[in-house]
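This report concerns only the one structure given below.
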Amino acid sequence: IISVPNNQLLAIGSSNTTAASWIDRNVVAYYPQTLITAIAVGDEVLTTVPSSAPLLVPAIESLYSGLVAANLHTQIKISTPLAASVILDPFPPSQSFFNQSLSSVMVPLLKFLSRTGSPLMMNLYPYYVFMQNKGVVPLDNSLFKPLTPTKEMVDPNTLLHYTNVLDAMIDAAYFSMKNLNVTDVVVLVTESGWPSKGDSKEPYATVDNADTYNSNLIKHVFDRSGSPLHPEVTSSVYIYELFNEDLRAPPVSEANWGLFHGNSTPVYLLHVSGSGTFLANDTTNQTYCVAMDEVDGKMLQTALDWACGPGRANCSEIQPGETCYQPNNVKNHASYAFDSYYQKSGRASGSCDFKGVAMITTTDPSKYFFLLV
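Numbering (full-length UniProt numbering), first residue to last: 1 to 373.
What follows is the structure, given as structure tokens:
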């Protein structure tokens, strides 16, 4: 998914020419070499920059026209991520509805999504639901932990059982659309996650809870589990986020949603099976060799050239058009080549140095860019 920043909505929503130019520069120039499945127009526009709300659907329509002109409208969908707060009375899900003050935007938006087969993008955070309803929403329900039937949430109107908060939030979106007579649009969760650190008022923002939530979320999606209302529709979820953002304003949790620190070391290792992990295999003590951050580009290129040349690393997969060519930059190509040499050398001492531009990690470099689970 690529996105249009909120500050570009005015220009794009006011000019078809600007929208077409944006599609040419940001989509046509890179597709299909880069896999682009959707365009997210703005982010939580209705709640964070409501003054831009009248331009949202015009911007989406203009960008869609640009996709049609490029004959890419069937391959790439367009929508806009919405905050969970646009839905009122979220539990029980069957009673949910969109904030009526947003109807002038929501109605034409949903008509567009239905007409074009695009998803309703929602940013859904059980963490915030739990924090705002402590004592009402159990922590285990928020973290996808196994529950006894007596602890499951039950919608009294539909008698549907909810084993986790995220599914209830997804179904609240489906019921909200149904209340506007829209039943053919699927929900795509564009953001969900759990912070790994917080201040004194955020005691549940911990590494253990973040690991538990995101690991169980991945398992939930891998099981191809739909929601109780739509079990036939496999949930698609993007984890928020890849890196911690150290410069974010307080509270502390705002800077600590990432799977990785800024230096690319993992904050924690996601477990997706009984003993293994998603970002490394802690049962075999597997280690990898990757390029260090913030090293001289010329030194990195020299080391890459040596690894693929005299070092005889297998660099075939980072050639143009091959599987690991993208992302096409020296750091990622170097990490691939360094690790190839390191593994070929039996992970021997000194085989991951490359004159000081490489380091050993327990995180598989091939997993660095997996955000969609």
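Beta carbons are placed, not taken as given, at the ideal position from N, Cα and C, and that holds for glycine. Here the structure is a predicted model, which is why all the values come from computation and not from measurement.
Asked: Return the chain-ordered list of same chain residues with a C-beta closer than 8 Å to the C-beta of L10, the five sequence neighbours on each side being excluded.; Found: S52 and L55
Asked: May I have the straight-line CA-CA distance separating N16 from A40, to the nearest angstrom?; Found: 17 Å
Asked: Name the residue from E61, D184, P146 and C324 whose alpha carbon lies nearest to the alpha carbon of G117.; Found: D184
Asked: K298: buried (16+ other C-beta within 10 angstroms of its C-beta) or exposed?; Found: exposed
Asked: Checking 7 Å against the spacing of the C-beta atoms, do D167 and S227 come in under that value?; Found: yes
Asked: According to DSSP, is V182 part of a helix, a strand, or is it coil?; Found: coil
Asked: Taking the Cβ atom as the reference point for each residue, do A313 and Y288 lie within a distance shorter than 7 Å?; Found: no
Asked: For the beta strand (DSSP E) containing E191, list its first residue and its last residue.; Found: V187 to S192
Asked: State the CB to CB distance for the pair L147 and I218, rounded to an integer number of angstroms; the pair is presumed to be in contact (CB under 8 Å).; Found: Contact flag wrong, Cβ pair sits at about 19 Å.
Asked: Would you mind giving the Cβ-Cβ distance between L63 and A19, rounded to the nearest angstrom? I have them listed as a contact below 8 Å.; Found: 5 Å
Asked: How long is the line joining the alpha carbons of L102 and T361, rounded to whole angstroms?; Found: 48 Å
Asked: Would DSSP call K77 helix, strand or coil?; Found: strand
Asked: Flag this pair as touching only if the region 57 to 74 and the region 145 to 162 have three or more C-beta atom pairs under 8 Å; answer yes or no.; Found: no
Asked: Can you tell me whether DSSP reads residue 374 as helix, strand or coil?; Found: No answer is possible for residue 374: it lies beyond the span of the chain, which begins at 1 and ends at 373.
Asked: Would you tell me roughly how many angstroms separate the C-alpha atoms of P5 and D43, rounded to the nearest one?; Found: 7 Å
Asked: Assuming A358 is part of the beta strand (DSSP E), what are its boundary residues?; Found: A358 to T361
Asked: Any idea what DSSP makes of S104, helix, strand or coil?; Found: helix
Asked: So, S196 versus N256, is the Cβ gap smaller than 7 Å?; Found: yes
Asked: Is M177 helix, strand or coil by DSSP?; Found: helix
Asked: Within 10 angstroms of the Cβ of D208, are there 16 or more other Cβ atoms? Answer buried if so, exposed if not.; Found: exposed
Asked: Which first and last residues belong to the alpha helix (DSSP H) in which I218 is found?; Found: V207 to F222
Asked: V41 bridges to which residues according to DSSP?; Found: V4
Asked: Just curious, the beta strand (DSSP E) that S236 is in, first and last residue?; Found: S236 to I239
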